[in-house]
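A.B. asks: Below are the structure tokens for one structure; questions will follow.
Residue numbers (the working numbering): 446 to 664.
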């Protein structure tokens, strides 16, 4: 978003003020009147809820990115690009995010279940509260490998440490991340312009370079 905001400011002359944090915490802050104009969430549930609760502009919600799940290790060459390491089972711990709270964790469980490996892998789970903590478990070696967000291990479109198994999207439900205009931003020209800009090709190219998929039609 920092890269997109920089281009947006240069291309339009509008200014942005970015705040970063968990979607759940932002939801609580919005309920308490926080002065945000738009929300770019890590899921599609919270924006839909804000719309239902009258805290977001009806019809302004759209999917701005689709997360990609990856099996990764902090040790170069430990994970093959087809995920066969899971079937070999020559490891002690597998990190995943809490599937009840984190979309990436739910996708990891769904993937393992589809591969017929969930029962054998469950005793090896090291569970992070969120995808950031899950990444840390793997990066520090507390788990030999784990399911992380591809965006965490990609820079400029290339894996920082690899290879990794980029999990086929057919193995789990889409990890949709939605944006929505909040009621406080409904009359803010910059907020409306930013949301329009997020759907354009220039922003979509940045999304792709940072390890996400784009929705098919940008809306």
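Each residue gets a CB set at the ideal place from its N, CA and C atoms; glycine is no exception. Just so you know, these numbers come straight off a predicted model, no measurement behind them.
At what residues does the alpha helix (DSSP H) containing residue 646 begin and finish?
C.D. replies: Note, residue 646: alpha helix (DSSP H), 646-654.
A.B. asks: With DSSP as the reference, please indicate the residues paired to residue 657 in a beta bridge.
C.D. replies: Its beta-bridge partners are 512.
A.B. asks: In angstroms, rounded to a whole number, what distance separates the CA positions of residue 409 and residue 578?
C.D. replies: The shown model of the chain, from 446 to 664, leaves out residue 409, and the question about it has no answer.
A.B. asks: Check whether the segment 600-609 and the segment 533-540 are in contact - that is, three or more C-beta pairs closer than 8 Å.
C.D. replies: Not touching, per the Cβ criterion.
A.B. asks: Please name the residue in 460, 497 and 486 whose C-alpha comes closest to that of residue 466.
C.D. replies: The candidate whose alpha carbon is nearest that of residue 466 is 486.
A.B. asks: Tell me which residue opens and which closes the alpha helix (DSSP H) that residue 456 is part of.
C.D. replies: Unbroken alpha helix (DSSP H) run through residue 456: 447-457.
A.B. asks: Kindly indicate the opening and closing residues of the alpha helix (DSSP H) around residue 559.
C.D. replies: Run containing residue 559: 548-559, per the alpha helix (DSSP H) assignment.
A.B. asks: Name the two residues that bound the continuous beta strand (DSSP E) containing residue 621.
C.D. replies: Note, residue 621: beta strand (DSSP E), 620-626.
A.B. asks: To the nearest angstrom, report how far apart residue 596 and residue 477 are at their CA atoms.
C.D. replies: The alpha-carbon atoms of residue 596 and residue 477 are separated by roughly 31 Å.
A.B. asks: Mark residue 649 as exposed unless 16 or more other C-beta atoms lie within 10 angstroms of its C-beta, in which case mark it buried.
C.D. replies: Buried, because 16 or more other Cβ atoms sit within 10 Å of the Cβ of residue 649.
A.B. asks: Compare the beta carbon distance of residue 617 and residue 531 with 8 Å and say whether it is the shorter of the two.
C.D. replies: No, the Cβ-Cβ distance between residue 617 and residue 531 is not below 8 Å.
A.B. asks: Does the segment 626-638 come close enough to the segment 501-514 that 3 or more CB-CB pairs lie under 8 Å?
C.D. replies: Contact holds: three or more Cβ-Cβ distances are below 8 Å.
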